[in-house]
Each structure stands twice: as structure tokens, then as C-alpha cells.
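Trainee: Protein chains in written order, with the working numbering: chain G, 1 to 70; chain P, 71 to 593.
Ideal Cβ placement from N, Cα and C applies to all residues, glycine included.
Here the structure is a predicted model, which is why all the values come from computation and not from measurement.
Just passing along the structure, written as C-alpha cells.
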């Protein structure tokens, strides 16, 4: 718990969050289907649109964890 | 079909253009330093932009009018494959977040204004810097020209003939950018983005309401696409093309000079990083704009312009607006698209002109040029680039220009090893990087050359059919990714082999890549 190594290790793990949206939208096997649809919009479309919010949240968390760090 | 001219619509577009012109000229006085006469001040706005200005600037810069008309046109024409723009603008931000932050720091610490400046300092190679500079300029020029097709789509839809509106718009744009530099598009971007957000919000609520909901839209689009052999889902053979196009376009985006300029104009490293989580708001807008293509299919929109047999599909969205909206709102939406073309065109011209002044003019023509002279060259070149773009677009066929833009990404990604890997390691030898560039570029251009499309025998797009090389498959892959992979392999193999050649001098230090803050603004 003392000093340097602890926060740095946390930072490194947080970076893995950046990989999640990459996998979610770059692997069409996950989402190339029409159901379940929301309000008439097929899964293919709302899944990818949803990950726009997802990527903003992931980067926001990484930004907060690494803000001001060198 | 020739669309009918409407005075109210035209008046609103002209009025909006006039307001933006006044803002463009007033920008000269906005947060100005001692003098505008240098690349630092004119071309980078003094590197003083905070979170919000950077957000509007980068948003206005990366999400161009061409995107607003071409992406929905792509869904209108080919269905699900056109939606690649959404994963593209999702993955770009996690990919570049830390790269852009390092780039900002090292450039700020050493006074670099372009990617080529950085490459010269990092690898100690004038040749490599020249290759990076030329690549950036060549990839940007057709992109500037393409912004004009967005304006032209609106003009055609409004029923106005002739090329004079294009000339007029770009001459006025060139005039205020000459004086205000990067401050002009940064201020105009506020107006542009607010208008576009309003336009999209209204469009995605009002048009589905009139058409009977998203259910009706997707069914209508699906049956219209089925008639052409496409659909609202990907076919199995489209997976590889979809993924590589999204990933490759994302890797290429921040290598364009105008994206680098937007990043370097920020005030601090944190401003850059924070923006990576704020910019996806534009992607959401883009995602809904893309769906306008399906709304156009469901509403049985017929594009105008072009020839009777082959209408100009970039007019799909303007025609949709014209049929759906009352004239006054269609006018506002058209004005938004026109302004949306001016902002990125201005930034692209500034970025390419900075690159010319800093990395070609000064080292090769006038090594003794002062900051003032460098700035003036940049100002003049930005005017030439804009007027050149108009000349190209009015003289070349439209389809030709569209294909050049696809090629832009394939070309610009070839500087990735020198720039992006250069930010992290000096392991690569400068000559290995130069040869890698040459081989990667050569291969890419060859692959583009042999790519056919329905209308062209060569340069028919950036999706390379693997069957061209004898594979028994319908798979396609984004050409640039193949080129840059080969580029990297060549650079990696040659680096140990060329160890006997002298390495370039690295003028940067490891600490430079982590620098956080700009010094306070002098009073």
C-alpha cells in the first residue's frame, strides 16, 4: 500500500477498458443479426449506436484515472 | 427531373453564409497574440484552444459535410456496408487517445507544427520528413475538393445551375481564412455544429414521424435494397471488408494534416485526452445521419443532378430534406451543410499549407526564411489550395473525385510507422522506414490501380477483392491495411540489415513526450 507501484498498476489495468469497444464493434459476428429490435430498429444498428455511448464512458473513465499523470 | 427553385430557401442559405463570413473576418481579433504573421499564430491559433474550442474545432474538422452527404448516400446505395462509418468513428478514439497526447507533448515542447516537423526531429532524416510532408499534402488535396461536392449537392437540389456559387463560396472563404487563419474555422465551427445538431435532432424525430416510424423505414429500406441485391444486414463475405475498412479508416484519420493541426492547437495534453471522450457525441450524430439514407429509401427519394441514367447520389439527403421539410427548415438544413463544408475545407487548406511552408519551402527553397515569411507562404498557399480545389472539381467528373478520396486514406496511412511508432520507439532505422514507405505506397497504389468498379476499370475504390490474387473467395479487404502491413514488415526486416548506416540524430528527449501544460498566456 505504500507509494509508487500501487497506483501505477491500477492505471495499467484501466487501460484494458479501451479494448472493450474495439472488440464490441469490430467483430460483426457479435451483432450482424436483426433481432432483438428496439422500436423497429434492428439489433445491428442499435448495438453499434449504443457503443458510441459505451466508448465515451470507457474513455472518460480512463481519462479520469490518468488525468494529470505523466 | 430538375428541382424547383425556391426563393425563401435560397435567401436563408445566403443569409447564413453572410453571417458566417462576418464571423470569419471578426475572428482576426479573437484571442490574438502579438502578431498573426507566423505559422504558430496564424496556423495553430497560438496553441491556446481549451476543451470546448478544441471539441468544436476537431468535430468540425473530422465530421465533414462530405460525411453528411456521402455516408447516407452509401447506405442508400449499398445498405448495411455503408454503416462502417459508425464503428470507424467509435474505434478511432480509444486507438488514438494516448498517441495524440504524446504527439501534442513532443510537438509542444519542441515547437513542431506538423507531423513532418516531428519526423525530422525524431529520426534526424530530411528525406523521411519530406516523404511524410508530401504524403500529407497529396492525401489532403482531394479531401478539400470533396467538401465542394457537399456544397454542390445542395446547390443542385435547390435548382441553381452553374459553378459560380462554388467559386463565390470558396473565394470568400479564402479571403477571411487568409487574414484570420485557424481562428476563423474554429469560431465558425461553433455555428456549424449547433446548426447540424439541430438539423439532425429534427430530422431523426420528424421524418420517422411522417413516414410512420423506424419499423416502416427499415422494412421499406430492406425491400428497396433487396431489389438491388443488398440488404440491411451484412452478408458473410462482407465481414472482413467491413471490419478492415472501419479499423483502417480509424488508423488513418489522425495522420491527416488537418487532424494533427486540430490536436496541436490545444492548450494542454489533458485537453487532447479529454476530447477523445467528448468527440463521440459527433459519432452519434453521424450514426443518425447515416440512417437518413434508409429514410430516403423508404420515402422513395429520387436523387437529382448528374445524368438521367446516373443521378448524383450525393443529393439523396438534400432531396429528402426538400420533400420532407417545409422550405424554411430545408433552407436552414442546406445552410448547415454548406457551412459544414467550409469549416473542414478551411482547416485542411491551413494544415496542408503549414506543411508546405514548414517542411518543403523552408528546408528546400529558403533555409533562411523568417517566421514571418514562413507564415506568409502558408497564407498564400492556403488560398491557392482552395481555388485549385474548385478548379479541379468543376473540370473533373464527380465520380472521379469520390474515388480519389477513398485513396486518400490508403495513402496517408503509409506514414503510420514513421509517425506513430516513432512516438514510442527509435528502434526503426530511418532508411528502413523510408524504404518501407516506398514499398507500402507502391503496393497500395498498384492494388488501387487493379481495383475495378461498376463504372471504372482502374482506381475503382479502396476495397480490394482477394480473388484478384487467385484466392477462391468473395472477401474484400481495405487496401491501406495490406499496404501498411507490408510497409511495417519491410521496415522491421531492413532495420537490423541497415545497422551499418549512420542513425539519424534524435533531438527529442524521453521527457518531451510527457509534457503536460502550455505556459500561461503572456498578459
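Suppose the cutoff is 6 Å on Cβ atoms and the five residues either side in sequence are ignored; what does the same chain contact list for residue 16(G) look like?
Mentor: Position 16 of the first chain holds residue 16(G). Result list for residue 16(G): empty, nothing under 6 Å.
Trainee: Note the first and the last residue of the continuous alpha helix (DSSP H) segment covering residue 80(P).
Mentor: Numbered from 1 along the second chain, position 10 holds the residue referred to as residue 80(P). From DSSP, the alpha helix (DSSP H) with residue 80(P) extends over 77-96.
Trainee: Tell me, which residues are paired with residue 533(P) by DSSP?
Mentor: Numbered from 1 along the second chain, position 463 holds the residue referred to as residue 533(P). Per DSSP, 548(P).
Trainee: Compute the Euclidean distance between the alpha carbons of residue 167(P) and residue 59(G), then round it to the nearest angstrom.
Mentor: Position 97 of the second chain, counting from 1, holds the residue named residue 167(P). Position 59 of the first chain, counting from 1, holds the residue named residue 59(G). Each residue's alpha carbon lies about 8 Å from the other.
Trainee: Using a cut-off of 9 Å between C-beta atoms, extract the partners of residue 283(P) located in chain G.
Mentor: For the purposes of this step, residue 283(P) is taken as the residue at position 213 of the second chain. By Cβ distance, chain G contributes 39, 40.
Trainee: Give a yes or no on whether the minimum CB-CB distance between residue 317(P) and chain G is below 8 Å.
Mentor: By 1-based counting over the second chain, the position of residue 317(P) is 247. Yes - at least one Cβ of chain G is within 8 Å of the one on residue 317(P).
Trainee: Does the segment 491-502 of chain P touch the segment 187-202 of chain P, meaning 3 or more C-beta pairs lie closer than 8 Å?
Mentor: The segment 187-202 of chain P, when compared against the segment 491-502 of chain P, does touch it at the 8 Å Cβ threshold.
Trainee: I'd like to know whether the C-beta of residue 156(P) is nearer than 8 Å to at least one C-beta of chain G.
Mentor: One-based indexing of the second chain puts residue 156(P) at position 86. Chain G, which has a Cβ nearer than 8 Å to the Cβ of residue 156(P), makes this yes.
Trainee: Chain G partners of residue 365(P), CB-CB under 9 Å?
Mentor: Here residue 365(P) is taken as the residue at index 295 of the second chain, counted from 1. Per Cβ cutoff of 9 Å: no residues; residue 365(P) is ~12 Å from chain G at best.
Trainee: Is the Cβ-Cβ distance between residue 40(G) and residue 300(P) less than 8 Å?
Mentor: Your numbering for residue 40(G) matches position 40 in the first chain. Your numbering for residue 300(P) matches position 230 in the second chain. Result no, Cβ atoms of residue 40(G) and residue 300(P) do not sit closer than 8 Å.
Trainee: With contact counted as at least three CB pairs below 8 Å, one residue from each stretch, are the segment 243-261 of chain P and the segment 478-492 of chain P in contact?
Mentor: Contact fails: fewer than three Cβ-Cβ distances are below 8 Å.
Trainee: Below 8 Å, can you find three or more Cβ-Cβ pairs linking the segment 412-430 of chain P to the segment 255-273 of chain P?
Mentor: Enough Cβ pairs lie closer than 8 Å, so yes.
Trainee: Chain G beta carbons: is any one of them nearer than 8 Å to that of residue 580(P)?
Mentor: Position 510 of the second chain, counted from the first residue, corresponds to residue 580(P). Closer than 8 Å: no.
Trainee: Between the Cα of residue 477(P) and those of 428(P), 226(P), 128(P), 531(P), spot the shortest distance and give me the residue it belongs to.
Mentor: Looking up residue 477(P) in the second chain gives position 407. For residue 477(P), the nearest C-alpha among the options comes from 531(P).
Trainee: If we cut at 8 Å on Cβ distances, does residue 293(P) have a partner in chain G?
Mentor: Numbered from 1 along the second chain, position 223 holds the residue referred to as residue 293(P). Judged by the 8 Å Cβ criterion, residue 293(P) is not in contact with chain G.
Trainee: Within 8 Å of any Cβ in chain G, is that where the Cβ of residue 313(P) sits?
Mentor: Along the second chain, read from residue 1 onward, the residue named residue 313(P) stands at position 243. Closer than 8 Å to some Cβ of chain G, the Cβ of residue 313(P) qualifies, so yes.
Trainee: Can you name, in chain order, every residue of its own chain whose Cβ lies under 8 Å from the Cβ of residue 381(P), other than the five neighbours on each side?
Mentor: On the second chain, residue 381(P) is found 311 positions in, with the first residue counted as 1. If we look at residue 381(P) and ignore the five residues flanking it on each side, its Cβ neighbours are 372, 373, 374, 375.
Trainee: Please check the pair residue 37(P) and residue 482(P), which I expect to be a contact at CB under 8 Å, by giving their CB distance rounded to whole angstroms.
Mentor: Chain P is shown only over 71 to 593; residue 37(P) falls outside these bounds and no answer can be derived.
Trainee: Which chain G residues sit within Cβ distance under 7 Å of residue 163(P)?
Mentor: As a working note, residue 163(P) is residue 93 in the second chain. Those within 7 Å of residue 163(P) in chain G are 55, 59.
Trainee: At the level of alpha carbons, what is the spacing between residue 547(P) and residue 554(P)?
Mentor: Sequence index remark: in the second chain, residue 547(P) carries index 477 (1-based). Sequence index remark: in the second chain, residue 554(P) carries index 484 (1-based). Approximately 13 Å between the Cα atoms of the pair.
Trainee: Assess, as a yes-or-no matter, whether the segment 19-27 of chain G is touched by the segment 45-62 of chain G under the definition of 3 or more beta carbon pairs within less than 8 Å.
Mentor: Counting Cβ pairs under 8 Å, three or more are found: they touch.
Trainee: Helix, strand or coil for residue 41(G), going by three-state DSSP, please let me know.
Mentor: If you number the first chain from 1, residue 41(G) lands on position 41. Three-state result, residue 41(G): strand.
Trainee: Who are the near neighbours of residue 225(P) in its chain, counting only those whose CB is closer than 6 Å to its CB and skipping five residues on each side?
Mentor: Looking up residue 225(P) in the second chain gives position 155. Excluding residues within five positions, the ones whose Cβ falls inside 6 Å are 235.
Trainee: So with CB distances below 9 Å, who are the chain G contacts of residue 187(P)?
Mentor: In the second chain, counting from the first residue as 1, residue 187(P) sits at position 117. Going along chain G, no residue has its Cβ under 9 Å from residue 187(P), so there is no contact; the nearest lies around 23 Å.
Trainee: Locate the alpha helix (DSSP H) running through residue 397(P), then write down its first and last residues.
Mentor: By 1-based counting over the second chain, the position of residue 397(P) is 327. From DSSP, the alpha helix (DSSP H) with residue 397(P) extends over 397-426.
Trainee: Could you compute how far the alpha carbon of residue 240(P) sits from the alpha carbon of residue 109(P)?
Mentor: Locating residue 240(P) in the second chain gives position 170, where the first residue counts as 1. Locating residue 109(P) in the second chain gives position 39, where the first residue counts as 1. Taking the straight line from one Cα to the other gives about 22 Å.
Trainee: Here's a check: name, in chain order, each residue in its chain whose Cβ is nearer than 8 Å to the Cβ of residue 302(P), leaving out the five neighbours to either side.
Mentor: Taking the second chain and counting its residues from 1, one reaches residue 302(P) at position 232. Here the set comprises 149, 150, 288, 291, 292, 295, 364.
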